[in-house]
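Just so we're aligned: 475 in the UniProt record's numbering is position 475 of the first sequence, and the numbers increase by one with no gaps anywhere. In this text, a Cβ means the ideal position worked out from N, Cα and C, and glycines have one as well. Let me begin by presenting the structure, written as structure tokens, before commenting on it.
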Amino acid sequence: MPEEAGFPPAKKFRPSAGPPSRAGSCPPGRRAVMLLAAGGGGGGGGRRQQPSLAQPSASPYPEAVEQQRRNLPIFQARGQLLAQLRNLDSAVLIGETGSGKTTQIPQYLYEGGIGRQAIIAVTQPRRVAAISLATRVSDEKRTELGKLVGYTVRFDDVTSDDTKIKFLTDGMLLREAILDSLLRKYSCIILDEAHERTIHTDVLFGVVKAAQKRRKELGKLPLKVIVMSATMDVDLFSQYFNGAPVLYLEGRQHPIQIFYTKQPQHDYLHAALVSVFQIHQEAPSSHDILVFLTGQEEIEAMSKTCRDIAKHLPDGCPSMLVLPLYASLPYAQQLRVFQGAPKGYRKVIISTNIAETSITITGIKYVVDTGMVKAKKYNPDSGLEVLAVQRVSKTQAWQRTGRAGREDSGICYRLYTEDEFEKFEKMTVPEIQRCNLASVMLQLLAMKVPNVLTFDFMSKPSPDHIQAAIAQLELLGALEHRDGQLTLTPMGRKMAAFPLEPKFAKTILLSPKFHCTEEILTIVALLSVDSILYNPPSRRDEVQSVRKKFVSSEGDHLTLLNVYRTFKNTGGNKEWCKENFVNSKNMMLVAEVRAQLRDICIKMSMPILSSRGDTENIRRCLAHSLFMSTAELQPDGSYATTDTHQPVAIHPSSVLFHCKPACVVYTELLFTNKCYMRDLCVVDAEWLYEAAPDFFRKKLRTARN
DNA sequence: GGTGTCTTC
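Right under this line is the structure:
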């Protein structure tokens with residue numbers, strides 16, 4: 001049994017609005033309208049639902065729905081809100097979880113006759129949210145989903161000519177902006193969950209702002225922009241949208257007690273373990289615990305330790321149901337976190353940051369926050385993506401804490417001191433400053449943005465960062481300089497039509513030359529979703545022997561192709577997936593992605609040929625499109641990238657892990673403990689030289705220059 | 001010699 005952690009007395013606060021002193025109050029010195037004091041009691045109908053994995057619940061009786069709408073705290077502010085929003089071009093709306101802003105504001109606008117000339121759009125960072133919100137709102141309007149209220153997400157468009165309120169993913173609206181950068185279909189665009197600052201939302205900020213300005217200049221239907229966020233930290237939003245007024249709404253979150261540790265914890269895993277069992281011995285068994293750790297391995301190890309310790313607890317202590325939770329866990333196992341524990345059992349959910357926003361679990365009373373997260377950083381100099389364990393931001397810590405107060409008051413144990421917390425970054429660095437920008441730049445160019453180098457981002461990426469993306473697009477033949485301006489080549493325009501990273505779009509577009517489009521479509525689809533291969537560490541030997549029959553000595557791309565082909569040839573079902581350690585959810589997604597990519601090819605009148613048994617053509621095609629991502633075997637048996645001589649290693653998940661091919665292309669470099677190449681294909685150095693003689697001049701070891 | 005936080009088009 002671990003020793004006691006010893007927490008000093010708790011602090012109280014109301015979550016999602018930030019620190020306690022600020023909750024529900026308007027920060028000074030800002031033009032703002034306070035719309036509502038603390039909400040009254042009553043049921044939480046219409047509360048912001050993020051059922052994620054859970055299916056949306058059956059719709060209640062219509063009368064009940066109407067009553068629930070009226071009971072929402074936001075209802076009392078309806079008139080005032082409408083009066084404000086009617087006259088504003090742009091507004092920033094701050095509302096806590098449970099304020100009902102996302103379900104109600106679009107309806108208020110529509111009912112108030114605002115934006116009826118066209119469609120009111122509401123964007124969401126995640127698909128499930130867009131779908132479940134549309135379902136909820138169409139229920140509330142007592143209409144069939146897809147008529148007045150609809151949604152559009154990838155692979156699924158449930159809208160019609162009648163649709164006036166449309167929920168869609170921010171990525172989807174961005175796609176639409178490529179076809180019409182003025183977004184003429186829309187009278188009003190509500191950008192929800194703006195505080196999450198996803199790369200898509202950030203690009204949309206700029207696109208929507210430009211469309212609004214341009215439409216005004218052209219005397220077209222005005223575009224109303226409403227930015228909705230859960231945090232009080234809105235200076236940026238307001239300033240960016242020309243000093244747009246900030247409207248505050250209060251929600252119905254429950255109070256949460258916070259405990260900090262007295263001393264800094266050098267071993268957050270041990271501290272988490274201690275806290276879990278301290279809670280376990282004190283709290284009633286119906287109170288579930290949610291623990292935030294950083295990754296799969298850590299979570300699996302901690303789950304095992306918890307189960308082992310729980311077996312040897314004294315009498316009178318509740319039993320423990322330990323449930324790991326992370327994205328690559330098969331769907332069926334993820335679903336277990338939503339099921340109630342048997343009587344006398346306490347659920348302890350050990351999760352990555354997936355439970356911060358994407359998955360909402362009811363019944364959590366305790367949150368244990370290690371204050372750590374695994375996140376990606378991008379170095380434009382080396383083109384390296386680094387995946388590292390780091391401190392969360394304050395915003396993230398508040399988000400985690402808020403997970404304890406969704407149905408009732410809760411308690412959050414923070415495994416760091418209050419002083420440490422004060423030193424956390426205020427906000428998570430927006431994704432747009434942490435990612436490779438090649439896709440974003442290609443999209444902006446496809447929208448004919450006047451100058452992508454000076455695009456009006458809310459948080460500007462560094463010039464190096466933008467330059468690196470431009471350089472990558474140039475290598476792919478997507479760009480040309482015309483009259484001192486950057487524009488897309490015909491190849492670049494075609495690339496932008498694919499919902500893919502530019503290099504994968506290029507791979508498809510090159511494939512007809514190698515008569516292997518059928519195969520490349522499959523390979524690109526496989527590469528653009530999470531791995532279809534499921535590797536439970538405890539069953540490693542079994543996995544290896546089952547997987548043998550798919551392995552190609554030519555690398556991972558061809559191995560994955562073999563898996564997909566066998567899946568299809570055997571009439572691919574879930575049973576087969578389970579037997580072969582294949583993630584069936586991801587496999588289904590591959591089929592959908594492939595179909596979408598194939599449709600785009602057909603629309604472009606591309607011939608879709610199969611290379612039959614010839615794998616060399618497939619490898620040549622990969623060599624010609626991924627030539628900027630190559631590595632060669634060094635005399636000492638290690639590997640180094642061809643262009644920058646960065647030392648790299650073959651990732652242990654690769655089928656080539658124990659092999660020593662002279663020359664490979666890879667699809668991704670990821671720095672974790674080491675710099676690993678992932679998804680490798682054996683190629684001939686001569687092909688690379690052939691593909692890009694200028695790029696490789698004097699670079700390749702093996703090719704004759 | 002030994003392993004992938006999370007989304008999305």
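- Pairwise C-alpha distance: A631 and S552: The residue you call residue 552 lines up with position 552 of the first sequence. The residue you call residue 631 lines up with position 631 of the first sequence. Each residue's Cα considered, the two are about 19 angstroms apart.
- Item | From Q333, C306 and A327, residue whose alpha carbon lies closest to that of R346 | For the purposes of this step, residue 346 is taken as the residue at position 346 of the first sequence. Closest option to R346, Cα to Cα, is C306.
- Sufficient close CB pairs (3 or more, under 8 angstroms) joining the stretch 224-236 to the stretch 184-199: yes
- Query: So what does E554 bridge to, in DSSP terms?
  - Reply: As a position in the first sequence, residue 554 is number 554, starting the count at 1. Beta-bridge pairing links E554 to no other residue.
- Message: Cutting at 8 angstroms between CB atoms, please list the residues of its own chain near D643, excluding the five before and the five after it.
- Response: Stepping through the first sequence from its first residue, residue 643 is reached at position 643. Around D643: M628, T630, F695 and K699.
- Task: For the beta strand (DSSP E) containing Q257, list its first residue and its last residue.
- Result: As a first step, residue 257 is located in the first sequence; it is residue number 257 there, counting from the start. Taken as a continuous stretch (DSSP letters only), the beta strand (DSSP E) holding Q257 covers I256 to Y260.
- Task: Answer yes or no: do R594 and I608 have a C-beta to C-beta separation smaller than 8 angstroms?
- Result: For the purposes of this step, residue 594 is taken as residue 594 along the first sequence, with counting starting at 1. For the purposes of this step, residue 608 is taken as residue 608 along the first sequence, with counting starting at 1. Result no, Cβ atoms of R594 and I608 do not sit closer than 8 angstroms.
- Are three or more beta carbon pairs between the stretch 360-372 and the stretch 405-425 nearer than 8 angstroms? yes
- Task: List the residues that DSSP assigns as beta-bridge partners of N379.
- Result: The residue labelled residue 379 in the question sits at position 379 within the first sequence. According to DSSP, N379 bridges with L384.
- Beta-carbon proximity list for E272, same chain, < 8 angstroms, skipping 5 on both sides: Residue 272 sits at position 272 when you count from the first residue of the first sequence. Contrary to the premise, residue 272 reads as Ala rather than Glu in this sequence. V291, L293, M302, V368, T370 and L415.
- Task: Please say whether V92 and F241 have beta carbons closer to each other than 8 angstroms?
- Result: As a working mapping, residue 241 is identified with position 241 in the first sequence. As a working mapping, residue 92 is identified with position 92 in the first sequence. In contact: F241 and V92 (Cβ atoms closer than 8 angstroms).
- Please specify which runs of the beta strand (DSSP E), each continuous and at least 3 residues long, are wholly inside the stretch 193-281, giving them in chain order. 224-229, 246-249 and 256-260
- Distance CB(V655)-CB(D556) smaller than 8 angstroms: The residue given as residue 655 occupies position 655 in the first sequence. The residue given as residue 556 occupies position 556 in the first sequence. The answer is yes: Cβ separation under 8 angstroms.
- Beta-carbon proximity list for Y666, same chain, < 7 angstroms, skipping 5 on both sides: Position 666 of the first sequence holds residue 666. Contacts found: S629, A631, M677, R678, D679 and L680.
- Message: Can you tell me which residues form a DSSP beta bridge with I94?
- Response: To locate residue 94, count along the first sequence from 1; it is residue 94. S229 and Y248.
- Using 10 angstroms around the beta-carbon of Y481, count the other beta-carbons present and answer buried if the total reaches 16, otherwise exposed. The residue given as residue 481 occupies position 481 in the first sequence. The sequence given here places His at residue 481; Tyr does not occur at that position. It is exposed - the Cβ of H481 has fewer than 16 other Cβ atoms within 10 Å.
- Task: Only counting runs of 3 or more residues, tell me where the beta strand (DSSP E) segments fall wholly within the stretch 655-693, in order along the chain.
- Result: 663-671 and 675-682
- Alpha carbon of A118 to alpha carbon of A211, nearest angstrom: Within the first sequence, residue 118 is the residue found at index 118, counting from 1. Within the first sequence, residue 211 is the residue found at index 211, counting from 1. One C-alpha to the other measures close to 15 angstroms.
- For H481, name the three-state secondary structure that DSSP assigns. Start at 1 with the first residue of the first sequence, and residue 481 comes out as number 481. H481 falls in the strand class under three-state DSSP.
- Would you mind sorting N583 into buried or exposed? The rule is 16 or more other CB atoms within 10 Å of its CB. The count along the first sequence starts at 1 and reaches residue 583 at position 583. Counting Cβ neighbours within 10 Å, N583 comes out buried, since at least 16 surround it.
- Task: Have a look at the DSSP bridge pairing and note the partners of D157.
- Result: Taking the first residue of the first sequence as position 1, residue 157 is located at position 157. T152, per the DSSP bridge assignment.
- CA-to-CA distance, H254 to V276, given in whole angstroms: Counting from 1 along the first sequence, the entry for residue 276 is found at position 276. Counting from 1 along the first sequence, the entry for residue 254 is found at position 254. V276 and H254: Cα-Cα distance of roughly 22 angstroms.
- In this structure, does DSSP put D369 in helix, strand or coil? Taking the first sequence and counting its residues from 1, one reaches residue 369 at position 369. Residue state, collapsed to three classes: strand.
- Task: Verify whether the separation of the beta carbon atoms of D288 and G363 is less than 8 angstroms.
- Result: Residue mapping note: residue 288 aligns to position 288 of the first sequence, counting from 1. Residue mapping note: residue 363 aligns to position 363 of the first sequence, counting from 1. Yes, these two residues count as a Cβ contact at 8 angstroms.
- Short Cβ contact (8 angstroms threshold) for D202 with F550: Indexing the first sequence from 1 puts residue 202 at position 202. Indexing the first sequence from 1 puts residue 550 at position 550. It is not a contact, given that the beta carbons lie outside the stated cut-off.
- A640 versus F167: straight-line alpha-carbon distance, rounded: On the first sequence, residue 640 is found 640 positions in, with the first residue counted as 1. On the first sequence, residue 167 is found 167 positions in, with the first residue counted as 1. Rounded to whole angstroms, A640 to F167 spans 47 angstroms at the Cα level.
- Item | Alpha-carbon spacing of E269 relative to G383, whole angstroms | As a position in the first sequence, residue 269 is number 269, starting the count at 1. As a position in the first sequence, residue 383 is number 383, starting the count at 1. Rather than Glu, the amino acid found at residue 269 in this sequence is Leu. C-alpha separation (whole angstroms): 32 angstroms.
- C-alpha distance - L321 paired with L335, whole-angstrom precision: As a working mapping, residue 321 is identified with position 321 in the first sequence. As a working mapping, residue 335 is identified with position 335 in the first sequence. L321 and L335: Cα-Cα distance of roughly 14 angstroms.
- M320 (DSSP reduced to helix, strand or coil): Position 320 of the first sequence, counted from the first residue, corresponds to residue 320. Three-state DSSP puts M320 in a strand.
- Task: Select from K365, E431 and Q390 the residue whose C-alpha is nearest the C-alpha of G405.
- Result: The count along the first sequence starts at 1 and reaches residue 405 at position 405. When only C-alpha atoms are compared, the closest one is K365.
- Query: With distances taken from CA atoms, which of Y564, S187 and L488 is nearest I523?
  - Reply: What you label residue 523 is simply residue 523 of the first sequence in a count that begins at 1. Answer by Cα proximity: Y564.
- Fully enclosed by the stretch 456-525, which alpha helix (DSSP H) runs are 4 residues long or longer? 463-475, 490-496 and 502-510
- Message: For the pair the stretch 614-625 and the stretch 570-587, tell me if three or more CB-CB distances fall below 8 angstroms.
- Response: no
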